[in-house]
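Number of protein chains: 2
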Amino acid sequence: MTTVAYLGPEGTFTHAAALAWPGTTPVALPTVQDVYRAVQDGSVDRGVVAIENTVEGYVVPSLDALLASDDVVGIDEAVLQIAFDAFVRPGAGELTEVSAHPHGLAQCQQFVARTGLTPVPAASNAAACRDATPHQVALGPRLCGELYGLETYERDVQDFAGARTQFLLLARRDDAREALDAARDAHGARWRTMLAVTPVVAGPGVLARILAAFGAGGLNLSSLITRPLKVAGRYVFVLTVDAAPVDPALRAVLQGLLDEGHLLKTLAAFPERADRAVVLDLDHVPSGSVDGTAAPVDLGRELLW
Amino acid sequence: MTTVAYLGPEGTFTHAAALAWPGTTPVALPTVQDVYRAVQDGSVDRGVVAIENTVEGYVVPSLDALLASDDVVGIDEAVLQIAFDAFVRPGAGELTEVSAHPHGLAQCQQFVARTGLTPVPAASNAAACRDATPHQVALGPRLCGELYGLETYERDVQDFAGARTQFLLLARRDDAREALDAARDAHGARWRTMLAVTPVVAGPGVLARILAAFGAGGLNLSSLITRPLKVAGRYVFVLTVDAAPVDPALRAVLQGLLDEGHLLKTLAAFPERADRAVVLDLDHVPSGSVDGTAAPVDLGRELLW
Numbered sequence: 017m018t019t020v021a022y023l024g025p026e027g028t029f030t031h032a033a034a035l036a037w038p039g040t041t042p043v044a045l046p047t048v049q050d051v052y053r054a055v056q057d058g059s060v061d062r063g064v065v066a067i068e069n070t071v072e073g074y075v076v077p078s079l080d081a082l083l084a085s086d087d088v089v090g091i092d093e094a095v096l097q098i099a100f101d102a103f104v105r106p107g108a109g110e111l112t113e114v115s116a117h118p119h120g121l122a123q124c125q126q127f128v129a130r131t132g133l134t135p136v137p138a139a140s141n142a143a144a145c146r147d148a149t150p151h152q153v154a155l156g157p158r159l160c161g162e163l164y165g166l167e168t169y170e171r172d173v174q175d176f177a178g179a180r181t182q183f184l185l186l187a188r189r190d191d192a193r194e195a196l197d198a199a200r201d202a203h204g205a206r207w208r209t210m211l212a213v214t215p216v217v218a219g220p221g222v223l224a225r226i227l228a229a230f231g232a233g234g235l236n237l238s239s240l241i242t243r244p245l246k247v248a249g250r251y252v253f254v255l256t257v258d259a260a261p262v263d264p265a266l267r268a269v270l271q272g273l274l275d276e277g278h279l280l281k282t283l284a285a286f287p288e289r290a291d292r293a294v295v296l297d298l299d300h301v302p303s304g305s306v307d308g309t310a311a312p313v314d315l316g317r318e319l320l321w
Numbered sequence: 017m018t019t020v021a022y023l024g025p026e027g028t029f030t031h032a033a034a035l036a037w038p039g040t041t042p043v044a045l046p047t048v049q050d051v052y053r054a055v056q057d058g059s060v061d062r063g064v065v066a067i068e069n070t071v072e073g074y075v076v077p078s079l080d081a082l083l084a085s086d087d088v089v090g091i092d093e094a095v096l097q098i099a100f101d102a103f104v105r106p107g108a109g110e111l112t113e114v115s116a117h118p119h120g121l122a123q124c125q126q127f128v129a130r131t132g133l134t135p136v137p138a139a140s141n142a143a144a145c146r147d148a149t150p151h152q153v154a155l156g157p158r159l160c161g162e163l164y165g166l167e168t169y170e171r172d173v174q175d176f177a178g179a180r181t182q183f184l185l186l187a188r189r190d191d192a193r194e195a196l197d198a199a200r201d202a203h204g205a206r207w208r209t210m211l212a213v214t215p216v217v218a219g220p221g222v223l224a225r226i227l228a229a230f231g232a233g234g235l236n237l238s239s240l241i242t243r244p245l246k247v248a249g250r251y252v253f254v255l256t257v258d259a260a261p262v263d264p265a266l267r268a269v270l271q272g273l274l275d276e277g278h279l280l281k282t283l284a285a286f287p288e289r290a291d292r293a294v295v296l297d298l299d300h301v302p303s304g305s306v307d308g309t310a311a312p313v314d315l316g317r318e319l320l321w
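Sequence order for the protein chains is S and Z.
Residue numbers for the first sequence, in this note's numbering: 17 to 321.
Residue numbers for the second sequence, in this note's numbering: 17 to 321.
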């Protein structure tokens, strides 16, 4: 049986994500760093970590752990709708409090206001469900009801529907090729690759030239962030490219970057899931943006030039 | 007296940041959105929000609020060392618990383990200090000791020194020009500008061409992230440029982008603070990165091509 480590306790959103890979046994660990270590040292077969969500963007501590791990790589993804159910103990008494992680309470403000319950912060939503008193409503993933023998008080109490989190399935790098080959046989042609590119030199135009190489290869970038290095002014670029690393077009771009002296690392490669909705977030162009047809006074006001 | 809104309760790191602007009266508000709204509707003169930190990267909800605000712009920055002190009530009894926001508890794990106190999550570090019982150690910014009449139990109990958060001072857009002109007289020549660039077309190479324009203008980008729009495949790019919007070189680049039809908005413009250390984070090039001199087997292992 394949073991899959995740950030516990049982009933976290990461636990729910781990269940997306059938035929695996989830193993709760205390921290995200423990998950990376367990994969690296072989004490589990796989790991699951949150990597990006529609509200917060990249989960930077997880991304940094992936950057810092020599022998761990993402080989699959799962995208999970972030929804909260409200639970109570069977035969609960008078309800006076509502408990969740402070972020969970913040994501269910309307429910908290409507019920008039006193918010009680918990270390995690799963812990709030596990430790719910007879006077508390606990907020957490649907999974927590069955896990902790709770009754559903109300479903989908989050303020905003549609929040999603992307999770990566982690493997040891030496096991990755075999897993990716199997996935390539099972899935269609749409792949994504997360790359870390550390430019050999700093300075104006470096990122532009690197990105131009991808553009010249006809490769779309679906996300990009810069992460600072301790060396002043030096950065690593984390790019997600809509291609697999074995695709000739991407391979040619990577070879070109190597030829220019840049340092590269593939952080993850995975088939794009059929059920993957586009990551939603901002509704609109940033409010107050101007284009070249704007009057000089509006250009001055919006650009402050 | 200039009023400055910040995310309360009193004693948050944002409150501490607000004190970096002398001669102002800080006003605690319940949420970050309230801070943006209060600046926009003129009920306060200024606002302070966290925008980027060395551990989590951009504070995305705050960044998104800035993108969505038509009439609010950043006009100054403060960079704060994130340090926790441990506090107790005067004449405290036997200490059995340690209280902080779950993130605060996570950032002081060594203190928690060493003292053997039971961690108790709080809605915020400031709330933990405000509400500390005689049996609790509360963790929070130094400011909380005096604010809440607490005794210092131990200083600097965070696991890692050196974490820093950048805060922006927000103003109404119509007040920004005057404030920036005054700052330009008072400060040196090093400025930064945060820009939102929404490309008029999507597709491979768009970001590369936009960045190439900055590179050709000799302008350094110190950070860049992409934020998705609800329209599939469309993004807004948030760039920080080492120049002021009134600098001829930056103005020329912005005019060029406008001429190509892109949408622009200046999110913030501020003098680089003399006490600003470079943002530190990752120690090293991502572990396991390869360059063009690597053996084919290592290239294959690290790149999965």
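Just so you know, even glycine gets a beta-carbon here, dropped at the ideal spot from N, CA and C.
Under the Cβ criterion of 9 Å, Z:Asp201 is not counted among the residues facing chain S.
The C-beta of S:Arg225 comes closer than 9 Å to at least one C-beta of chain Z. Around Z:Asp61, the same chain offers Thr18 and Thr19 as residues with beta carbons nearer than 6 Å, after the five sequence neighbours per side are excluded.
Here Z:Glu162 is exposed, its C-beta having fewer than 16 other C-beta atoms within 10 Å. When DSSP states are grouped into helix, strand and coil, Z:Ser78 belongs to the helix group. Residues of chain S whose Cβ lies closer than 9 Å to the Cβ of Z:Ala179 do not exist; the shortest such Cβ separation is about 12 Å. Burial check for Z:Thr256: the Cβ neighbour count within 10 Å reaches 16 or more, so the residue is buried.
Judged by DSSP secondary structure, S:Glu170 falls within the beta strand (DSSP E) whose first and last residues are Glu167 to Glu170.
Judged by beta-carbon spacing, Z:Glu93 lies beyond the 9 Å limit of Z:Leu211, meaning their Cβ atoms are not closer than that value. Identification of chain S residues near Z:Tyr164 by a Cβ-Cβ cut-off of 8 Å yields none; the smallest Cβ-Cβ distance measures about 18 Å.
Of all residues in the stretch 19-53 of chain Z, none places a beta-carbon less than 7 Å from a beta-carbon of chain S.
Contact residues of the stretch 54-72 of chain S toward chain Z are Val71 and Glu72 (C-beta to C-beta distance below 7 Å). In terms of Cα proximity to S:Leu270, the closest of S:Ser239, S:Ala232, S:Arg289 and S:Asp307 is S:Ala232. The Cβ atoms of Z:Thr282 and Z:Val65 do not sit closer than 9 Å to each other. As a beta-bridge residue in DSSP terms, S:Trp207 pairs with S:Pro287. For a Cβ distance threshold of 9 Å, nothing in chain Z lies close to S:Ala142: the least Cβ distance comes to about 12 Å.
Between the alpha carbons of S:Pro244 and S:Val252 lies a distance of about 6 Å. Ranked by Cα distance from S:Arg105, the options S:His151, S:Leu235, S:Ser78 and S:Ala138 are led by S:His151. Residue pairing from DSSP places Z:Asn69 in a beta bridge opposite Z:Gly73 and Z:Thr181.
The beta carbon of Z:Ala32 sits closer than 7 Å to those of Leu96, Pro157 and Leu159, all from its chain and outside the five residues before and after it, given in chain order.
Proximity to Z:Arg317 across S:Glu318, S:Ser239, S:Asp191 and S:Ala311 peaks at S:Asp191, based on C-alpha coordinates. Neighbours of S:Ile241 in chain Z, taken as residues at a C-beta separation under 9 Å, are given in chain order as Gly73, Tyr74, Ser239, Leu240, Ile241 and Thr242. Closer than 9 Å to the CB of Z:Thr168 there is not a single CB belonging to chain S. At a cut-off of 9 Å between beta carbons, Z:Leu184 makes no contact with chain S.
In this chain, the alpha helix (DSSP H) harbouring S:Gln126 covers Gln125 to Thr131. Bridge pairing for Z:Pro135: Z:Val114 [DSSP]. Z:Val153 carries a strand assignment under DSSP once its states are collapsed to helix, strand and coil. When CB distances to chain Z are screened at a threshold of 8 Å, the residues of the stretch 113-137 of chain S falling below it are His117, Pro118, Leu121, Pro135 and Pro137, in chain order.
A straight-line Cα-Cα distance of about 39 Å links S:Asp197 and Z:Leu79. Taking the C-beta atoms as reference points, S:Asp263 is found nearer than 9 Å to S:Trp207. Exclusion of the five residues before and after Z:Arg289 leaves Glu93, Ala94 and Val95 as the residues of its chain whose Cβ lies within less than 8 Å of its Cβ. The Cβ atoms of Z:Pro302 and S:Leu279 sit closer than 9 Å to each other. Against chain S, the CB of Z:Leu111 has no partner CB under 9 Å away; the residue lies outside that interface. Here S:Phe103 is buried: its Cβ has 16 or more other Cβ atoms, across all protein chains shown, within 10 Å. Closest by C-alpha distance to Z:Asp87, out of S:Ala229, S:Gly304 and S:Ala187, is S:Gly304.
Exclusion of the five residues before and after Z:Pro261 leaves Thr209, Thr282 and Ala285 as the residues of its chain whose Cβ lies within less than 6 Å of its Cβ.
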